[in-house]
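The structure appears below as structure tokens.
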Amino acid sequence: MIGLRPMRATGDLSALPDGAMGPTNVVWWGNLGFMLIEGTAFALAIGAYLYLQSQSSSWPPPGDRLPGLLWSGIFTVFLLASEVPNLWVWRRAHGRSASGVRRGTFAMALIGLILVGLRAVELDHLNIRWDGDVYGSVVWMLMVLHSSHLITDLGDTIVQSVWLYTHRIDTDQFSDVQDNSEYWTFVVLAWLPIYVLIYWIPRLA
Amino acid sequence: MTGQASPTALPDVRAPLLGTWRDAPGLRGFLTTVDHKRIAARYVLTAMAMLFLAGLLAVDMRLQLSRPEMERMGPQGFNEAFALHGSTMLFLVSVPVMEAMALWLIPLMLGQRTVAFPRLAAFSYWMYLGGVLMLWIAHALDITPDLGWFEYPPLSGPAYSPGHRADIWAQMITFSEVAALAASVNIAATILKMRPPGMTLARMPLFVWTMLVASLMTIFALPSVMLVTSMLISDRMVATHFFTPAGGGDALLFQHLFWFFGHPEVYIIFIPAIGFVSSIVETFSRRTLFGYVPMVLAVLGIGVLAFGLWVHHMFAVGLPRLGNAFYTAASMAIALPAGLQIFCWIATMWSGRPRYATPMLWVIGFIATFVIGGLSGIMTASSPLDLQLTDTYFVVAHLHYVLVGGALFPLFGAFCYWYPKATGRLMSERWGVIAFLLIVGGFNIGFFPMHLLGLEGMPRRIYTYGPDMGWGTLNLVATIGTFISAAGGLVFTANAWLSLKRGPLAGADPWGGATLEWATSSPPPVHNFDHVPVVDSIAPLWMQESDLPVMTGLRSDLREVLITSVVDAIPQYRQKSPEPSIMPLIAAIATSVLFVGSIFTPWALVWGAIPVAAALTLWFWPKRPRATDGPFGVRRS
Amino acid sequence: MNRYALPGVVMLLAGCSGVQSPLNPAGDQALSVRGLLELMTWICGGMYLLVILLLGASLWRARMRPIPEAAPQVEPVDTGLSRGLVAWAALIFAGLTVLIAASFLVDRRLASARDREALVVRVTGHQWWWRLRYRDPATGAWIETANELHLPAGRTARIELGSADVIHSFWVPNVAGKMDVIPGRINRIDVTPRRTGWFRGQCAEFCGTQHAHMAFDVKVDRPADFDDWLASEKRPAAIPADATARRGMAIVTEGPCAACHVVRGTDAKGRAGPDLTHLGSRRSIAAGTLRLSRGALQGWIAQPQAIKPGTLMPAIALEPADADAAARYLEALR
């Protein structure tokens, strides 16, 4: 049985900074973890869609209408365009600009509200119910999955916006803004394969 | 930036650290704690309680099957028993207990004060408890799930399982998977970003490697079961047609998605056990593990390969033959890394100086038992042979040999091994040996005959069988064996309980271990270490002749942890660590209400989301001073 | 040890009759798989013994050496052990290669069983019984029966599997491995029985409350006997000579039984339950749950829940005289 050993000092950590941004920050890795989880869920849902398509002689099955291109197109264009202000906010956070992140996050919150509204209209024009057949079920599953991410990130952005305006901002909060901005990019990127699969592949096949 | 401190006396920071890191007293402390050791302890104890309950169900089933045409249990009772037993063991015992051990051990092995996300750890436990309560309260209310631990549609669909039993099962999975995912992100982030200075990836203890791999596997596997159980609930509740053939759905889609999770799941359970065994073998052979690099590569290999095998659970569903042949080869191939590991452990013992305290006995029991399970797995991996073996008692034997032999035996060994660190006392060696012999001996008497029963044509999941099948004798032997094993379990529990007060005092390092957890007191103080240990080898405590190199400078007046770089563990910055908080519990309650409510109505998802959003907002609301500039700044008076 | 040692030992231990056992092959498919089982048992058994020997040797070796309180070894040089690891890896690799190859070859042999003139049998799984249909070689029509599968020895039967409700699994271990019965798809399994006699099949995928009692008898006949059996199955129900049985006929074919059961040649045309046209010639009732006898029939009709709780067969209350008449009629349906 051995007791506690004596210790000797070989270095001092007090000069280390007390915050960090990007991958240096441990919170960034937590966000990465959650994006991997949700990305896996998206990938599997897409896999399920492709599997069901491969099991069907025609897709959509006979009698089912294709989902509408107009509102989904408007949504997609707007979503892609939102990356511009999104990346702007990211850079403002990188440059530690308090006024920049306040204005930018507020703008992203407004943009998010508009996008959620556009998404609601898009869902109205899917031309299929979830309980009609498996095609309707799997299309709605993909749309609900993505919409829930959209709504969650919007909620995050709104809360962040309120907080940024009412509090003093330091490294950790700039890092949070960057993380939220990266999550938005994830939401945008996750939409692209789903959009192509649902709206274009059946039309092109 | 680290400066060279002069080799003078270390600042005595213990008292302020104890004050900074302590919990509130009493019930408030219990509910708000973010101390990873307290959370992990309650996690382990809850999992052990679940093991006990699942064990009672097993005893019940074994009694029913001990003779032909027993009338102790009818079909409904038996079907509930095997569903509850399997679901509890796989979702509420095996995975949670491994995460709990990691939650407790990882910061200690890494010389750290806590995990990366302490409140997330608390949330993970409360969600797990929610799953436990939902399933077992449902059982008390007689809405027990009764379709097995994987409820295949269409049997579990709306047409053949009206009522809520199948929904209870599906949502219990949601609870336990949220808990597991939260714990895995926490553990992975801690391992990657919170190692002691000098502990490069190549110097990480093997247990840390195994928890990293298991956590990453969890992140990629569990979304599949969450998705598929949500699809099942959706079929049942809002009439989607994912799995109903009438609507064009496919019953096999469920199986693919379920087993894409299900196969990695069993390796998620086994891989931490590899870590336990390696730690014990190393310490008790008095030498570092032979073949560290092959062992790490083997763990990585198993972790990746495990995702490519799931179809071997579906050999009898009528998939194309050539596909089955591929999965046969892949499933057999995983025996190579596993076999290498067995060699490395034995080689360590061969070239070391083994001592036979109880933890080492469990390692021996593990090798003798798990290898049988691995070999019966090779047999079932062959798709033509599996067409005879699948869904029979041969598979029941196989799965228990690998799960009990491969995960529970190392767990019991790990429990004995780290018990002194957690409690400050040693368990009784004599009663430990008795428990070991009863459990391992009883297990083998109980489950080996099941291989033969499967070869005699006895299918799984039957509540009784006819007297002229010839299965009576072996079933009786199996029942006797499981009783012996259960008795051993009681002895083990009694040993653990009584040693709390009566065991000999352990001191900081009773076994002469190599890793950092043995450098702090037993039990550790609430903040684990006064200063941050520095590591320059794979066996820090064995390489340092007399004293331990440490770095000072973390603040002791507020909660702070050191963050280091991913590959080389170079100190990067100091991260504030959260104070105790009630928000994880509130958030877990809100989420539980949402989950339970959505069994009864889909609107629960909408309305239930509001309190969850509120709870999460309060949780993450940073505590910083109000702004003094900008349109909402407060005026300084 | 000869090739019968393994199953011999097992059967000795189990004291069984081997009518539902992969160890007692009576068909080509089960025979191939049994061979594979033996190969795997030897190789896996050998590996296990090797592991135990190495483990025992390492522990023994330690006991023989003194235990000094020397410092623990940190990363010592292990050239001999490293070579051992490589040899071990090579051994495992070689063993797995043999097993994978053997498995692949057996798999191919199972698939090549197809006969150009295979007998086609359609099996439909229900909760908790089996509907069987044979193609009539003369007319191409389907001859239906339930819960007892007859097969000609020496001829390949292609079994087409469908489900009326949930997933079941068709398994006659003495003849072949199992194949799942999945709603929404048709699975096929080719079986080539060789040995005549009675065997037993059982559902091998949990399918609900009475999964445990969803078995079926299997009779492998000489081809001529099989043809006779099929011809007799094709005939409509016999009209009994006995007066009591005649009364039973009225009860069965015009009473509640007719709602769910077919008795061909009568007014009973229900499709929900098993075909009863030749029930009297079968060995058991209720999907292998009870041996056929007058008493069993009466008990099943009167109190099915007592015998097979959860069964979808409703209890039919009959006066004792009527119950006896009905049972006599059913018995006479040969």
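Protein chains in written order, with our numbering: chain H, 1 to 205; chain X, 206 to 842; chain U, 843 to 1176. We treat Cβ as the ideally placed atom computed from N, Cα and C, and that holds for glycine.
For residue i, count neighbouring Cβ atoms within 10 angstroms of its own Cβ and tell me buried if that reaches 16, exposed if not.
i	result
U/Thr921	exposed
X/Thr757	buried
X/Arg370	buried
U/Gln1145	exposed
U/Glu959	exposed
U/Asp1069	exposed
X/Glu285	buried
H/Met1	Confidence at H/Met1 is low in this model, with a pLDDT of 48, below 50, so its placement is unreliable and the value that follows should be read with caution. It counts as exposed.
U/Asp1164	buried
X/Gly775	For the record, residue 775 of chain X in the displayed sequence is Ile; it is not Gly. By the 10 Å Cβ count, X/Ile775 comes out exposed.
U/Val940	exposed
U/Gln1147	exposed
U/Lys1111	exposed
H/Pro114	One point to set straight first is that residue 114 of chain H is Ile, not Pro, in the sequence displayed. H/Ile114 comes out exposed.
H/His149	buried
Could you pull out every residue in the same chain whose Cβ sits closer than 6 Å to the Cβ of residue i, ignoring the five residues on either side in sequence?
i	result
U/Lys1020	Ser1011, Trp1013 and Ala1046
X/Phe734	Gly316 and Thr725
U/Thr1086	Ala1167 and Arg1170
X/Val772	Leu406
U/Arg1136	Ala1169 and Glu1173
Go through its chain and collect everything with a Cβ distance to residue i's Cβ below 7 Å, but skip five positions before and after it.
i	result
U/Pro804	In this structure chain U extends from 843 to 1176, so residue 804 of chain U is not present and cannot be described.
H/Phe42	Leu145 and Ala190
X/Leu268	Arg277 and Thr684
X/Ser690	Leu643, Ile644, Gly647, Phe648 and Gly651
H/Ala107	Pro85
X/Trp826	none
X/Val363	According to the sequence as given, residue 363 of chain X is Pro; it is not Val. Excluding positions up to five away in sequence, the list reads Asp440 and Arg441.
Between which two residues does the alpha helix (DSSP H) containing residue i stretch?
i	result
X/Leu250	His241 to Leu270
X/Met303	Val300 to Met314
U/Ser1005	Careful: U/Ser1005 lies outside any alpha helix (DSSP H), inside the beta strand (DSSP E) at Ala999 to Ser1005.
X/Pro469	Ala456 to Ser490
H/Leu69	Segment: none, H/Leu69 is in no alpha helix (DSSP H) and carries neither H nor E.
State the start and end residues of the unbroken beta strand (DSSP E) segment that holds residue i.
i	result
U/Gly967	Leu961 to His968
U/Trp971	Trp971 to Arg977
X/Tyr778	Pro776 to Lys781
H/Met7	Met7 to Asp12
U/Ala988	Trp984 to Ala988
U/Asp1059	Ala1057 to Asp1063
U/Arg1030	Asn1029 to Val1033
Quick check on residue i - is its C-beta less than 7 Å from some C-beta in chain C?
i	result
X/Met519	Absent from the structure is chain C; the protein chains it does hold are H, X and U.
Within its chain, find whatever has a CB closer than 8 Å to the CB of residue i; leave out the 5 residues flanking it on each side and keep chain order.
i	result
X/Leu510	Ala535, Ala538, Ile539 and Pro542
X/Ala814	Leu799
X/Phe571	Ala478, Val482, Gly610, Gly611, Phe614, Pro615 and Gly618
- Query: Three or more C-beta pairs closer than 8 Å, one from the region 1033–1041 of chain U and one from the region 1075–1086 of chain U: is that the case here?
  - Reply: With a cut-off of 8 Å on Cβ pairs, the region 1033–1041 of chain U is not in contact with the region 1075–1086 of chain U, counting fewer than three such pairs.
- Item | 3 or more residues per run - each beta strand (DSSP E) lying fully within the region 555–643 of chain X | Within the region 555–643 of chain X, no complete beta strand (DSSP E) run reaches 3 residues.
- Is the region 1057–1066 of chain U touching the region 987–999 of chain U, taking contact as three or more C-beta pairs under 8 Å? Pairwise C-beta distances place the region 1057–1066 of chain U in contact with the region 987–999 of chain U, as three or more of them are shorter than 8 Å.
- Evaluate contact between the region 291–300 of chain X and the region 312–329 of chain X, counting only Cβ atoms and requiring at least three cross-stretch pairs below 8 Å. The count of Cβ pairs closer than 8 Å, one atom from the region 291–300 of chain X and one from the region 312–329 of chain X, stays below three, leaving the stretches out of contact.
- Query: Counting Cβ pairs, one atom from each stretch, are 3 or more of them under 8 Å apart for the region 238–252 of chain X and the region 319–330 of chain X?
  - Reply: Because the criterion of three Cβ pairs below 8 Å is met, the region 238–252 of chain X and the region 319–330 of chain X touch.
- How about the region 547–561 of chain X and the region 483–492 of chain X: do they share at least three Cβ pairs that are nearer than 8 Å? In short, these stretches touch, since the Cβ pair count reaches three.
- Query: Pairing CB atoms from the region 85–99 of chain H with CB atoms from the region 174–189 of chain H, are three or more of them under 8 Å?
  - Reply: At 8 Å Cβ cutoff, the stretches touch.
- Examine the Cβ distances between the region 371–380 of chain X and the region 389–398 of chain X and report whether three or more of them are shorter than 8 Å. Judged by Cβ distances under 8 Å, the region 371–380 of chain X makes no contact with the region 389–398 of chain X, as fewer than three pairs qualify.
- Would you call the region 69–83 of chain H and the region 467–474 of chain X in contact, with 3 or more CB pairs under 8 Å? Contact annotation: the region 69–83 of chain H does not touch the region 467–474 of chain X, with fewer than three C-beta pairs closer than 8 Å.
- Would you check if the region 162–176 of chain H and the region 136–151 of chain H touch, i.e. whether three or more CB-CB distances between them fall below 8 Å? No, the region 136–151 of chain H does not touch the region 162–176 of chain H.
- Enumerated in chain order, which unbroken segments of the alpha helix (DSSP H) with a length of 4 residues or greater are wholly contained in the region 763–826 of chain X? Those alpha helix (DSSP H) runs which fall completely within the region 763–826 of chain X and span 4+ residues are 788–805, 808–812 and 814–825.
- Query: Counting Cβ pairs, one atom from each stretch, are 3 or more of them under 8 Å apart for the region 301–313 of chain X and the region 691–708 of chain X?
  - Reply: The way I'd put it, the region 301–313 of chain X doesn't touch the region 691–708 of chain X; fewer than three beta-carbon pairs between them come closer than 8 Å.
- Quick check: the region 380–395 of chain X against the region 321–330 of chain X, are there 3 or more CB pairs under 8 Å? Cβ pair count under 8 Å is three or more, so yes.
- Taking one C-beta from the region 586–601 of chain X and one from the region 516–531 of chain X each time, how about it: are there three or more such pairs within less than 8 Å? Contact holds: three or more Cβ-Cβ distances are below 8 Å.
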